[in-house]
Structures are given as structure tokens and as C-alpha cells.
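S.K.:
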Ligand code: DQA
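Residue numbers (the numbering used here): 40 to 202.
1) Got a sec: does the ligand DQA put a non-hydrogen atom nearer than 7 Å to the Cβ of residue 118?
2) For residue 159 and residue 173, I'd like the C-alpha separation in whole angstroms.
3) With DSSP collapsed to three states, give me the class of residue 162.
4) Quick check on residue 148: buried or exposed, where buried means 16 or more other Cβ atoms within 10 Å of its Cβ?
5) Starting from residue 84 and walking both ways along the beta strand (DSSP E), at which residues does that stretch end?
6) Taking only heavy atoms of the ligand DQA into account, decide whether any of them is closer than 7 Å to the Cβ of residue 89.
7) Pick helix, strand or coil for residue 43, following the three-state DSSP scheme.
8) Please write down, chain order preserved, every residue whose beta carbon lies under 6 Å from a heavy atom of the ligand DQA.
9) Just mark residue 55 as buried or exposed, buried being the case when its beta carbon has 16 or more other beta carbons within 10 Å.
10) Since residue 84 contacts residue 74 with CB under 8 Å, what's their CB separation in whole angstroms?
11) Who pairs with residue 110 in a beta bridge, going by DSSP?
12) Candidates 79, 146, 185 and 154: which alpha carbon is nearest residue 110's?
13) Looking at the structure shown, is residue 103 part of a helix, part of a strand, or coil, going by DSSP?
14) Contact between the region 96-114 and the region 175-183 is defined here as three or more beta-carbon pairs at a separation below 8 Å; is this criterion met?
15) If contact is defined by three or more beta carbon pairs under 8 Å, each pair taking one atom from either stretch, is the region 90-99 in contact with the region 44-59?
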């Protein structure tokens with residue numbers, strides 16, 4: 040599975056940016072964690088950080104045929120960007136939205152995501168862990184139906200029983 044990972048504006052300051060809200064893990068550490076998890080789960084990642092709405096829109100717009108899924112933290116653009124929303128919808132590549140903070144419990148202007156309705160799901164509030172949960176969720180979704188209730192896992196899951 041080829042996954043496009045996008046970090047939106049100001050996420051390059053993680054580690055020192057408002058640590059009470061976003062934690063002390065920096066973006067390089069998050070990317071290292073994502074790469075190691077991806078390796079474990081058999082995925083390859085193409086990771087980008089951008090402060091520019093147009094650049095993010097273009098990355099998403101050209102993702103069709105190149106990527107199987109998108110993991111995105113649109114950061115402040117979550118609450119403002121119709122362009123990014125339209126790109127996610129148009130590219131038809133399944134996307135999962137992640138946030139370090141629990142946006143539903145924050146200021147009113149952060150509680151609404153323009154992007155979430157065109158994503159397959161959203162994970163928020165687990166700090167850096169949101170990215171790892173998000174990647175697992177995206178890969179689970181791409182692997183297709185799972186029957187965890189019957190003791191199985193996703194197709195790619197290391198927990199799947201040998202048949
Ligand atoms: C964020 C939440 C956004 O409201 C904010 O603008 C960010 C980070 C998060 O990961 O919690 O930059 O996306």
C-alpha cells in the first residue's frame with residue numbers, strides 16, 4: 040500500500056509549539072514512528088509538510104493512481120479550506136483525517152472540520168498517537184472487510200491467524 044502523508048501548516052513546530060495542547064513530540068519523531076509502523080504493516084509512505092494551501096491541494100489532486108490512501112492532518116486548514124476539501128473529494132483516494140488535539144473539545148472555531156465529511160474517518164485527541172492510530176485505521180480500511188469479532192484481523196494484520 041502506498042500512502043501519502045500530509046502535515047499542514049505550523050506542524051513543523053511540534054515539540055515546542057503549545058506543548059500543553061500538542062505535546063512534546065516533534066514532527067521528525069512522528070515521521071520516524073510512522074515509517075517504522077508502515078514498514079511493520081507493509082506500507083510505503085511519501086511524507087510532506089506544507090504551510091501552503093495550494094501546495095497541499097496540488098499534492099492531493101495528483102494523488103489518484105499514485106497512492107492507495109491519504110493520511111492528513113490539515114491543521115488550521117481543517118476549519119477553512121474548501122480547496123483542500125474539494126481536492127480530497129475529487130481525487131477519490133480514501134483519506135483519514137488526524138489531529139493531535141481533541142478538536143471537538145476546543146474553541147468553537149476548531150470544532151468544525153470542512154475536510155472530515157469527505158474523509159473516510161477522523162481520529163483526534165491522542166497526541167502523536169493519533170497519527171499511528173490513523174495509519175492503522177487507513178490500512179485496515181484499505182485491506183477490506185475484517186472479522187475481528189470472530190477472532191480474525193485485517194488482511195495485513197500481524198494478528199491474523201495462519202490458515
Ligand atoms: C490540529 C488542530 C487545528 O485546530 C490546529 O490549527 C492545528 C493542529 C491538531 O492536530 O490538533 O494546527 O490540526
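Cβ coordinates follow ideal geometry from the N, Cα and C atoms, glycine included. The model shown is predicted, which means the values in this text are computed figures rather than measured ones.
M.R.: Per the coordinate set shown:
1) In the chain shown, residue 118 corresponds to position 79, counting from 1. Yes - the ligand DQA has a heavy atom lying nearer than 7 Å to the Cβ of residue 118.
2) Position 120 of the chain shown, counted from the first residue, corresponds to residue 159. Position 134 of the chain shown, counted from the first residue, corresponds to residue 173. The straight-line gap from Cα to Cα measures roughly 11 Å.
3) Here the question's residue 162 lines up with position 123 in the chain shown. It is a strand residue.
4) Sequence index remark: in the chain shown, residue 148 carries index 109 (1-based). Residue 148 comes out exposed.
5) Translated into the one-based positions of the chain shown, residue 84 becomes position 45. Its beta strand (DSSP E) spans residues 83-88.
6) As a working mapping, residue 89 is identified with position 50 in the chain shown. Checking every heavy atom of the ligand DQA against the Cβ of residue 89, none is found closer than 7 Å.
7) Taking the chain shown and counting its residues from 1, the one referred to as residue 43 is at position 4. Strand.
8) 49, 112, 114, 115, 117, 138, 139, 140, 142 and 149
9) Within the chain shown, residue 55 is the residue found at index 16, counting from 1. So residue 55 counts as exposed.
10) In the chain shown, residue 84 corresponds to position 45, counting from 1. In the chain shown, residue 74 corresponds to position 35, counting from 1. Indeed, because the Cβ distance is near 6 Å, the residues count as touching under 8 Å.
11) Taking the first residue of the chain shown as 1, we reach residue 110 at position 71. Paired residues: 44 and 135.
12) As a working note, residue 110 is residue 71 in the chain shown. The shortest C-alpha separation from residue 110 is found at 154.
13) Start at 1 with the first residue of the chain shown, and residue 103 comes out as number 64. Strand.
14) Between the region 96-114 and the region 175-183 there are three or more C-beta pairs closer than 8 Å, enough to call the two in contact.
15) Cβ pair count under 8 Å is three or more, so yes.
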